[in-house]
Amino acid sequence: MFKKLVLAVLMTFSLHAAEVHWAKDYQSAMATAQKENKPVLFIISRDTCKYCVLLDNTTLKDDMVVKALNRDFVAYRAWTNKRDYIPMVLAQNTPGLPGIWFLLPDGTPMFQPVLGYVEKKNFIEMLSVVKETFDKQQKKGKK
Numbered sequence: 209m210f211k212k213l214v215l216a217v218l219m220t221f222s223l224h225a226a227e228v229h230w231a232k233d234y235q236s237a238m239a240t241a242q243k244e245n246k247p248v249l250f251i252i253s254r255d256t257c258k259y260c261v262l263l264d265n266t267t268l269k270d271d272m273v274v275k276a277l278n279r280d281f282v283a284y285r286a287w288t289n290k291r292d293y294i295p296m297v298l299a300q301n302t303p304g305l306p307g308i309w310f311l312l313p314d315g316t317p318m319f320q321p322v323l324g325y326v327e328k329k330n331f332i333e334m335l336s337v338v339k340e341t342f343d344k345q346q347k348k349g350k351k
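Per our numbering, residue 209 is the first one in the sequence shown, and the count goes up by one each step.
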């Protein structure tokens, strides 16, 4: 009985724990962004990077951050230690990790990268600014 109770609690917790829907690779992230007309959150990370791990374990687990990312962005993370594909222009212009980029659906950077750990409050504000900028650019392009 105790095992069933523990299993039920764990299953309930895992159902409520929100997770970012990460694209499996750069190409599929860009294809989804073009199809859904969304900006791309592109994070360059490394498993041994203290601030990458901190970003993962705090900010990117926050329900409000996850909800905003999954609703308004296509998210992709490239791991330098796994030799994931990183476009040369982004790799050459990311002097520290994590490197947080926001890209248009064609892969063009919207801004310079944000480097390092970002607390959830600031991350949510950053997502809001990027979304607003993206929406304004899309409206201008349709005129």
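Quick reminder that beta carbons are idealized off the backbone N, C-alpha and C, glycines included.
Taking residue i as the reference, which of the options has the closest Cα?
i, options, result
"S253", "L298, L335 and T316", "L298"
"R285", "A226, F342 and M238", "M238"
"K258", "L249, D271, G307 and N245", "G307"
"L305", "G324, F319 and F250", "G324"
"V322", "E333, P313 and D314", "E333"
"V326", "K350, I251, P313 and F342", "I251"
"K328", "P247, D271 and R291", "D271"
"K290", "V338, T302, L312 and T256", "T256"
Are there 16 or more other CB atoms within 10 angstroms of the CB of residue i, so buried, or fewer, so exposed?
i, result
"T316", "exposed"
"M296", "exposed"
"F331", "buried"
"F319", "exposed"
Below 8 Å on the Cβ atoms is my guess for residue i versus residue j; work out the distance and round it to an integer in Å.
i, j, result
"A231", "A283", "7 Å"
*Give, in chain order, every unbroken run of the alpha helix (DSSP H) that is at least 4 residues long and sits entirely within the segment 256-286.*
258-265 and 271-280
*Jot down the residue ranges of each uninterrupted alpha helix (DSSP H) in the segment 282-346, minimum 4 residues, whole runs only, in chain order.*
296-300
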